[in-house]
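Worksheet: one structure, shown below.
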Amino acid sequence: MTRSFRKAHNRSPRRSAPQTHVLQEGESVRLSQRRCPKKEDVAGKCTDSHCIGKVMVVNWRRPQLNPFIVLMFIHLENDSARVESHKRPTTTPRRVLLDTGADFNLVSHDAYAQLNVEKRPYQGLVHSIGGYSELESTVFLRWHFRVPGSKSVRSSEHNAPFHILQKGSDAKFDCIIGRPWILENWTEFLALVEDNRKKQMGQDDNLKA
């Protein structure tokens, strides 16, 4: 009787199945590879599925940039006071939403409290998605933006009334600039929004590179 023998092949240890991650909107992946720390291993030849030297997938959520959120620089003092206190900051940056659906300008109570600017009494209600908020007073603010594409050049100076939200109001932004100002300064509004959109596109290009 003739017997046939089949040579046994050494099987490599069973590797664990790679984990699958479904990317959500705004997420991306980054691949990185490090040399296996085991001395007997040749780089890239390690069969240990748990080796930290293997390719790792790192997931993170890419911050989404709202093109209608910009920085406004509120002036803290008038021109006559600058000569006496030139060493003190003359402006303060504030996060502002350019809202074409708002009928007037708003400033949060916390943001106003840090400005040390005189306010005028006012009583009224403002309606938003979250419901009605009571207003306590108004204040005239002077501010400027940065010229789109520049880190230091100022835009034209602006002056407009802002309604102050009551203390404890759930304010999402330091300020909201409404439709009246936007319509009067349409060209500047478009430039600010377009600059933010270009920044967002730049982030996307960097992730693809």
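Going left to right, the sequence shown walks through residues 2 to 210 as the working numbering numbers them. We put the CB at the ideal spot given by N, CA and C, even for glycine. Keep in mind it's a predicted model, so treat the numbers as computed, not measured.
For residue i, the nearest candidate out of the options (CA to CA)
| i | options | result |
| --- | --- | --- |
| V194 | F105, L116, L98 and K120 | L98 |
| G169 | L136, I177 and L66 | L136 |
| D175 | P122, L142 and P181 | L142 |
| L72 | F163, L184 and V148 | V148 |
| I177 | G102, M202, R198 and P90 | G102 |
| N160 | N67, L66 and N106 | N106 |
| S109 | S138, T92 and P90 | S138 |
Span separating the alpha-carbon of residue i from that of residue j
| i | j | result |
| --- | --- | --- |
| Q124 | L191 | 33 angstroms |
| G179 | L77 | 21 angstroms |
| D104 | S157 | 22 angstroms |
| A172 | W187 | 25 angstroms |
| R198 | I70 | 11 angstroms |
| S33 | H164 | With a pLDDT of only 41 at S33, under the threshold of 50, the placement of this residue in the model should not be trusted; the figure read from the coordinates follows. If you take the alpha carbons of S33 and H164, they lie about 51 angstroms apart. |
| G150 | K200 | 10 angstroms |
| A114 | G203 | 36 angstroms |
| V118 | D196 | 31 angstroms |
Spatial neighbours of residue i in its chain, beta-carbon cut-off 6 angstroms, leaving aside the 5 residues before and after
| i | result |
| --- | --- |
| K209 | Note that K209 has pLDDT 49, beneath the 50 cutoff, so the model's placement of it is unreliable and no number is given. |
Range covered by the alpha helix (DSSP H) that runs through residue i
| i | result |
| --- | --- |
| G180 | Sequence inspection shows Arg at residue 180; the Gly mentioned does not correspond to that position. It spans R180 to E185 - the alpha helix (DSSP H) in which R180 sits, taken as one unbroken run. |
Contact set for residue i: own chain, Cβ-Cβ below 7 angstroms, skip 5 residues either direction
| i | result |
| --- | --- |
| A112 | R95, D175 and C176 |
| W144 | M73, F74, I75, H76 and H159 |
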